[in-house]
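Mapping the sequence shown onto UniProt numbering, position 768 (from 1) lands on 768, and the numbers just tick up by one. Below is one structure, written out as C-alpha cells; comments come after it.
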Amino acid sequence: MNLLEKGSDEKKIDAMKRILTIMLNGDPMPQLLMQIIRFVMPSRNKQLKKLLHFYWEICPKLGADGKLKQEMILVCNAIRNDLQHPNEYIRGATLRFLCKLREPDLLEPLIPSIRACLDHRHAYVRKNAVFTVYSIASHSADHLIPDATELIKIFLDNETDATCKRNAFIALSNLSRDDAFEFVQKNHTNISGLEELLQLAFIEFIRKDAQTHPELKNSYIKIIGEILESSSNTVVYDAANALTSLTSNASAIKTAASKFIDLAVKESDNNIKLIVLSIVDKLRIKNPGVLNDLTMDILLVLSSPDLDVRRKALELALSMVTSKNVDDVVRLFKKDLAKTVNNSGDFDKNTEYRQLLIQSIHTCAVKFGEVATSVVDLLLDFIGDFNSSSAVDVIAFVKEVVELYPKLRKSIVKRLLTTLNSDEVRSGSVYRGALWILGEYCLEETDIHDSWVHIRKSLGEIPILSTERNKLNGGNDGEEAADNAESGATTNGGTTHKKGPKVLADGTYASESAFTATDAKNLEKVKSSRPPLRALILDGNYFVAAVLAVTITKLVLRFNKVSNNDSHKNALRAEALLILTSILRVGESEIVSQKIDEDSADRVYSCIQALLDTNDAIDLAFLQDSHSAFKVLIDKQKKKQDEKNANEREKTATRVDSPVKFRQFARLEANNVSSENADASDEAALSAANDASSDKIASRLNRIVQLTGFSDPVYAEAYVIVHQFDIVLDVLLFNQTTETLQNLSVEFATLGDLKVVERPTTQNVGPQSFHSVQTTIKVSSADAGVIFGNIIYEGHTGSVNNVVIINDIHVDIMDYIKPGHCSETEFRTMWSEFEWENKVNISVTYPSLRGFLAYLLKNTNMTCLTTGALSDETDADGNYKDECQFLSANLHARSSFGEDALANLSIEKDASGKVTGHVRIRSKGQGLALSLGDRVAELQRKIKPSPLSK
C-alpha cells in the first residue's frame with residue numbers, strides 16, 4: 001500500500017504487476033480496491049493506465065448482494081473521462097477495454113459517451129467504438145442499446161474508412177443476419193471494387209451463412225466468383241478456399257485451383273507457394289481427373305529457385321499427367337534440363353534440380369511409352385555433361401525403359417553405343433549400367449558385333465599389361481622393359497629411373513629426384529590417352545572390370561546361340577579369354593596403384609571358367625537368371641506403385657452401400673457445433689483421427705502410465721496422448737488421505753528436445769476425491785526424451801510443502817517414426833552426407849534371417865529398400881524361408897519432423913541357428929541415430945530363446 005500511495009510511477013507499475021499476478025492466482029484482494037482508486041487511477045502514465053484496465057477487468061466489481069459496489073461509481077466516472085479524452089489513443093484503448101466488461105450497471109452510464117465516439121474524427125476511435133457497441137448489445141439483452149442494429153447500419157452506410165466498415169459489417173452480421181445479407185446484396189454489383197478488409201468480411205459471412213441457408217449457395221457462388229477477380233492475393237486465397245467449401249462442381253473446383261496456382265506463381269514467399277500447392281494437391285485427390293488440364297500451369301511454378309517448391313510442383317504435376325498432355329510436359333522438362341546443363345549458377349542446386357527433372361522424365365516415360373524414345377535420346381545426348389549421380393539416374397532409367405518396351409530395345413541399344421563411342425562417358429558407375437544393358441539386350445548377331453567393337457575400342461590394345469609397360473618405358477617393348485628391370489630399372493606407378501649417379505657435361509654429379517619432370521609429363525600423356533574402360537581398370541575400379549567380364553561372357557554365350565559360324569565363335573571366345581586374363585594380370589601387376597580385390601578376381605575367374613566349360617546350366621545362369629531377377633525387381637516396383645495409386649483412390653472413393661447423410665437429420669449433439677466453428681471442428685476432427693486412431697480399448701490402456709504408488713498420499717496416473725508435434729498428459733489424481741490437500745499442483749520437467757508449454761493449475765483436492773489436470777509438452781525432434789516431475793501440496797502448517805516424486809515417462813520415438821521410401825541414388829547420397837552413425841551389433845537366436853528382418857521392420861517402423869530381401873514363403877512351422885546363410889538390406893524411415901533415418905542391416909546365420917551381424921544407422925542429427933540404435937538393442941533383448949514363428 002505504501003508503494004501505491006507514496007511510490008513513483010515506476011514503483012507503482014511494479015506493484016500493480018505483482019497485484020495482478022496474485023489476483024490471477026486466485027486471491028481477489030478486495031481490500032486494495034479503494035487504494036488503487038485513490039492513488040493509481042489519477043495517474044496519467046500510459047503503462048499504468050493499461051495495467052489499470054487489466055485490474056478493472058478481473059477485480060470483484062459486485063458486492064455480496066450482487067449489486068455494483070459503491071466504489072465502482074468513481075471508476076465509472078474515470079472511464080467516462082477517458083472516453084471523452086482529447087487523445088484518440090486513450091479513447092480507443094478504453095473502448096477496447098469496455099468490450100471485456102459484462103456488468104450492465106457499470107456500462108449504462110457510459111452509453112452516451114460510447115455512442116458519441118461513433119462520430120469521432122479519428123478512425124482509430126470509431127473502429128473500436130463500433131465493436132464496443134456490438135459487445136454491449138450482444139451481452140445486454142438489448143436493454144442498454146436497443147437500437148444497436150440500426151445504429152450500426154447507419155454507421156456502415158456513412159463510413160468511409162475500410163477498417164471501420166469491416167468492423168461494422170462483422171458486428172452487423174453477428175447481431176442481425178438479415179441486415180447483413182441485405183448489405184451484401186446492395187453492394188453485390190461493385191463487390192470486386194470494395195476494400196480488401198470488407199471483401200474478407202463478406203467471404204467470412206458467406207462461408208457461415210451458407211451452412212444455415214443452403215438455398216442461397218448458388219447466389220453466394222456467383223458473389224465469390226466476382227471476389228476472385230480482386231487484385232488482393234489475400235482476398236483471392238480466402239475466396240478460393242470458400243468456393244471449394246461451398247460446392248463440389250467441377251468447373252468451380254477448377255476455377256479455385258487455377259487461382260491457387262496463380263498465387264503460387266506470383267507470390268515470392270516460398271511458404272505460401274508450398275501451402276497453396278498442398279491445397280491444390282488435396283483438391284486433386286478429392287476430385288480425380290478434374291484438374292488435369294492445369295498441369296502446364298502448375299509447371300510454371302518451376303521458375304522458383306527454391307528446390308522444395310520445385311519438388312512439390314513436380315510431384316503434383318506428375319500425378320496429373322495424362323496421355324493428352326504428356327508431350328507438352330516432357331517438352332518443358334527437356335527445356336529445363338538443357339538449362340541446367342548450360343547454366344553456370346549455383347552448382348549444388350543445379351545438380352539437385354537436374355536429378356529431379358531426370359526422375360520426372362523417368363516417371364513420364366515409364367507411364368507413357370510413346371515418349372520413351374525421344375526422352376532416351378535426349379538424356380543420352382546430355383549424359384556426358386551430367387555429373388555422376390545424374391548420369392547414374394539416366395542409366396537406371398534406360399535400364400527400366402529397355403525392359404518395359406521390347407520394341408524399343410534395338411534402337412535404344414544402338415543409341416547407347418553411339419553415346420559410349422563418343423568417349424564422353426568416364427564415370428565407372430555409369431559404365432557399369434551401360435555394360436549391363438549391352439550384355440542383357442544385345443540379342444542379335446549385329447548388335448553383339450557392334451557391342452564387341454565398342455568394348456575392344458574402349459579397352460585399347462590387348463594385352464593391357466605389356467602395352468602399358470611399353471608406353472610407360474617410352475616405347476620399349478615388353479622384353480626390353482623386363483631387361484631393364486633385371487639390370488636395376490624400377491617401375492612404380494608409371495615412372496622409371498636407373499640406378500647410379502648421372503654425370504653432367506662439366507663432369508659433376510647431378511642430383512635428380514625419383515620422379516623427373518620428363519617422367520611426370522610422360523605419365524600424364526599416357527593417362528590422358530587411355531580409352532574409358534582401360535582408364536577405369538588401371539585406376540583401380542575393378543567393380544567395372546567384374547561387370548565387363550560378365551558382359552563379355554554373356555555376349556560370347558549368346559553369340560554361340562545366334563551364330564552358325566564356328567570359326568567366329570571360337571575367335572570370339574579366344575579373344576574374350578585374352579581380355580579376361582589380361583584384366584587379372586594387370587590387376588596383380590606393379591603398374592596399378594592398388595591390386596585387384598578378391599571378390600572381383602573371383603568373379604573374373606568364374607567367367608573364364610564359364611567360357612571354358614560351357615553347358616546348359618551355365619547358359620541358363622548367365623543368360624536367363626540375371627534377366628529374370630531384374631524383371632522381378634521391375635514388377636515389384638510396378639506393383640508397389642499400383643498399390644499406392646489404389647490406396648489414394650480408395651481414400652476418396654465412396655462405397656456403394658455407404659449411408660447417405662442428411663444434415664437435417666443429424667443428431668442434436670452435432671448441432672451444438674456452431675456454423676462459425678464448422679471449419680475448425682472439421683480440422684480438429686481430422687487431426688484427432690490421424691493422431692488417435694480408432695484402436696481397441698486394450699491398446700489405449702497401454703497408453704496409461706502409473707506415476708505414483710498405491711501407498712503414496714496421492715495416487716496419480718497419466719494417459720499419454722501423442723499428436724504430431726506435441727504430447728498431452730491427462731493426469732488423474734486421487735487423494736488417498738482423509739484430509740483436504742491444499743494448493744496441490746503437478747510440476748513437470750523434461751530431458752531432450754521436449755518443452756513444457758502448458759502447466760497445470762493449483763487446486764484444492766478433498767479427502768478421497770479425484771481431480772484431473774492436463775499439461776501439454778512440445779516435441780521438436782524424434783530424439784528420445786524423458787518427462788519427470790513432482791506432486792506438491794501444502795502441509796498442515798502451510799509453511800512446509802509435501803512432495804511426492806512421480807515416475808519418469810519415457811517418450812516412445814516410434815510415435816514419430818514413419819516408414820519412408822527413397823530411390824537407391826537418394827539413399828547413397830544421403831548415406832554419404834549424413835555425419836552421425838550408430839553401429840549396433842546383432843547376436844540373437846532366431847529361426848530365419850528374413851524373419852528377423854521382418855521383426856525389425858515391424859518394430860522400428862522402417863521400410864526395406866532392398867528388393868528380394870523379404871519373402872512371403874514360409875516353411876511348415878510358419879517361419880520365413882532363407883535362400884542362403886547371410887542377408888544384407890537397406891532400410892529407411894522418416895520422422896514426423898522431416899528427418900531421414902537410414903540403416904544397413906548385415907547379418908548371417910551359423911549352423912547352431914544364431915543370427916549375428918550388425919546394423920549401421922545414419923542420420924543427420926545424433927539424437928535420432930542413437931534413439932533408433934537403442935530401439936534395436938531393446939528389440940534384441942525382447943526376443944525369447946525359443947523359436948519364433950512368423
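Cβ atoms here follow ideal geometry from the backbone N, Cα and C, with glycine treated the same way.
- Following the DSSP letters along the chain, one finds residue 622 in no alpha helix (DSSP H), marked with neither H nor E.
- Here residue 923 is buried: its Cβ has 16 or more other Cβ atoms, across all protein chains shown, within 10 Å.
- Rounded to whole angstroms, the separation of the alpha carbons of residue 282 and residue 598 is 54 Å.
- Membership of residue 893 in any alpha helix (DSSP H) is not indicated; the residue belongs instead to the beta strand (DSSP E) covering 886-895.
- For residue 730, the enclosing beta strand (DSSP E) has its first and last residue at 726-735.
- 122 is the residue among 106, 57, 122 whose C-alpha sits nearest the C-alpha of residue 85.
- Residue 735 sits close to residue 766, with the two beta carbons spaced by under 8 Å.
- Inside the UniProt domain "Coatomer beta subunit appendage platform" (802-936), DSSP marks whole alpha helix (DSSP H) runs of 4 or more residues at positions 824-833, 849-860, from first to last along the chain.
- The three-state secondary structure of residue 717, taken from DSSP, is strand.
- Just so you know, the alpha carbons of residue 625 and residue 941 end up roughly 40 Å apart.
- Excluding the 5 residues flanking it on each side, residue 409 has same chain C-beta neighbours closer than 8 Å at 402, 441, 443, in chain order.
- Between the beta-carbon of residue 852 and that of residue 907 there is about 7 Å, and that keeps the pair under the 8 Å contact cut.
- According to DSSP, residue pairing for residue 647 in a beta bridge does not occur.
- Taken in chain order, the whole alpha helix (DSSP H) runs of length 4 or more contained in the segment 293-374 are 295-299, 307-318, 326-342, 347-367.
- For residue 705, the beta-bridge partners assigned by DSSP are 718.
- In the displayed model, residue 595 falls within coil according to three-state DSSP, outside both helix and strand.
- With at least 16 other beta carbons inside 10 angstroms of its own, residue 276 counts as buried.
- The beta carbon of residue 219 sits closer than 8 Å to none of the beta carbons in its chain outside the five residues before and after it.
- From the listed residues 911, 460, 295, 755, the smallest Cα separation to residue 885 is found for 911.
- DSSP places residue 748 in the uninterrupted beta strand (DSSP E) bounded by 741-751.
- Of the residues assessed, residue 725 falls on the exposed side of the cut-off, its CB having fewer than 16 other CB atoms within 10 angstroms.
- Within the DSSP bridge table, the entry for residue 756 names 777 as partners.
- For residue 710, there is no enclosing alpha helix (DSSP H), as DSSP gives it neither H nor E.
- Around the CB of residue 617, fewer than 16 other CB atoms lie within 10 Å, so the residue is classed as exposed.
- Judged by beta-carbon spacing, residue 760 lies beyond the 8 Å limit of residue 780, meaning their Cβ atoms are not closer than that value.
- Of the residues 201, 278, 364, 292, the one whose Cα lies closest to the Cα of residue 251 is 292.
- Under the DSSP assignment, residue 272 falls in the alpha helix (DSSP H) whose first and last residues are 270-286.
- When DSSP states are grouped into helix, strand and coil, residue 454 belongs to the helix group.
- Contact check for residue 231 against residue 199 fails: the beta carbons are separated by 8 Å or more.
- When C-alpha distances from residue 82 are compared across 295, 125, 59, the shortest belongs to 125.
- Restricting attention to 708, 140, 747, 427, the CA atom closest to the CA of residue 175 is found in 140.
- For the pair residue 928 and residue 902, the Cα-to-Cα distance works out to about 10 Å.
- Rounded to the nearest whole angstrom, the CA to CA distance from residue 302 to residue 831 is 28 Å.
- Judged by beta-carbon spacing, residue 130 lies beyond the 8 Å limit of residue 64, meaning their Cβ atoms are not closer than that value.
- Linking residue 382 to residue 376 through their CA atoms gives a straight-line distance of about 10 Å.
- In terms of Cβ geometry, residue 935 and residue 813 form a close pair [threshold 8 Å].
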